[in-house]
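Chemist: Take 3 as the starting number for the sequence shown in this note's numbering and just add one per residue.
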Amino acid sequence: MGFLDNLENYIDDSYNVKSFKEDYSAKKKYLDDNIFYIENFISKYDIEKILSEINKTKVQENITISIIPVNGSDDFQNIWGNVKENLKTLFYTDKTYIKEIEENPYTPAFAKYKNDNDKEWVMQPHYDDTYEAKEIPIEGSNKQVGTKTLNGFIIYLTDNYIGGEIVYINKGISFKPKAGTLVCHPGTKEYTHGVKNFKGGERIVFSAFVHEKV
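#1: Taking just the CA atoms, how far does Asp120 sit from Asp25?
#2: I'd like the list of long-range same chain contacts for Tyr32, defined as Cβ closer than 6 Å, with 5 residues on each side in sequence excluded.
#3: At the level of alpha carbons, what is the spacing between Ile157 and Glu122?
#4: DSSP on Ile69, reduced to helix/strand/coil?
#5: Pick helix, strand or coil for Asp14, following the three-state DSSP scheme.
#6: In whole angstroms, give me the CA-to-CA distance for Thr95 and Thr149.
#7: Using alpha carbons as the reference points, say which of Glu192, Val197, Phe112 lies closest to Glu55.
#8: Provide the residue span of the alpha helix (DSSP H) that contains Gly83, from first to last.
#9: Give me, in chain order, the residues of the same chain whose beta-carbon lies closer than 7 Å to that of Ile81; leave out the 5 immediate sequence neighbours on both sides.
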């Protein structure tokens with residue numbers, strides 16, 4: 003199949019560019035040896051579709067953050083299906099998987115943050131490394147194994163706010179991604195990170211964790 007024959011996979015009738023299945027490994031850019039980001043991981047067209055579904059979904063309110071699970075239209079599921087496949091290409095091996103995708107494959111939960119002018123951080127500095135024992139199907143049988151958080155990653159759906167940088171406090175790195183960007187970092191204490199407070203628009207992201215079977 004040639005390029006022209008496959009245009010319908012990623013351009014609609016209005017010539018809006020859509021996300022499609024792609025190996026993004028070659029598009030990684032690095033903030034240090036282990037923190038990378040990929041711009042345009044989700045297209046602007048698909049971001050608009052996702053945000054539309056989020057706006058139609060009942061919000062679970064919290065003081066700082068609203069968790070918004072979306073089980074949207076067929077159009078949304080097609081978009082999310084491509085996002086999942088691209089994430090699997092990046093992160094899945096025989097021993098690694100994305101916890102949130104395996105637990106909720108069709109209902110991703112997005113996070114909408116509220117600014118708080120009285121605080122320095124909208125998300126306090128922390129690191130992602132955890133260990134838990136659980137049953138994971140291995141070669142057709144359930145076996146009790148351990149998992150640990152290998153990486154955390156965030157996909158940014160908005161950037162129309164002032165501030166809101168992700169800061170790696172042990173590395174002296176501060177970074178504000180554009181909408182559509184995926185940012186990935188190790189789960190170790192060395193990569194303790196927080197999110198600075200912000201003002202203006204809404205900060206909406208999808209965040210998840212790459213787990214390793216150990």
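By construction, the Cβ of each residue, glycine as well, lies at the ideal position given by its N, Cα and C atoms.
Modeler: Reading from the atomic positions:
#1: Position 23 of the sequence shown, counted from the first residue, corresponds to residue 25. Position 118 of the sequence shown, counted from the first residue, corresponds to residue 120. Distance between the alpha carbons of Asp25 and Asp120 is about 42 Å.
#2: If you number the sequence shown from 1, residue 32 lands on position 30. So the list reads Phe38, once near-sequence residues are dropped.
#3: By one-based count along the sequence shown, residue 157 stands at place 155. By one-based count along the sequence shown, residue 122 stands at place 120. Ile157 and Glu122 have their alpha carbons spaced roughly 22 Å apart.
#4: Numbered from its first residue, the sequence shown carries residue 69 at position 67. The three-state reading of DSSP puts Ile69 in strand, counting E and B together.
#5: The count along the sequence shown starts at 1 and reaches residue 14 at position 12. Its pLDDT being 46, under 50, Asp14 is placed unreliably by the model, and nothing is read from it.
#6: Here the question's residue 95 lines up with position 93 in the sequence shown. Here the question's residue 149 lines up with position 147 in the sequence shown. Taking the straight line from one Cα to the other gives about 14 Å.
#7: Residue 55 sits at position 53 when you count from the first residue of the sequence shown. Closest option to Glu55, Cα to Cα, is Phe112.
#8: Residue mapping note: residue 83 aligns to position 81 of the sequence shown, counting from 1. Segment 76-93, the alpha helix (DSSP H) holding Gly83.
#9: Reading the sequence shown from its first residue, position 79 is the one you call residue 81. Closer than 7 Å at the Cβ level, and outside the excluded window around Ile81, lie Ser21, Asp48, Lys51, Ile52.
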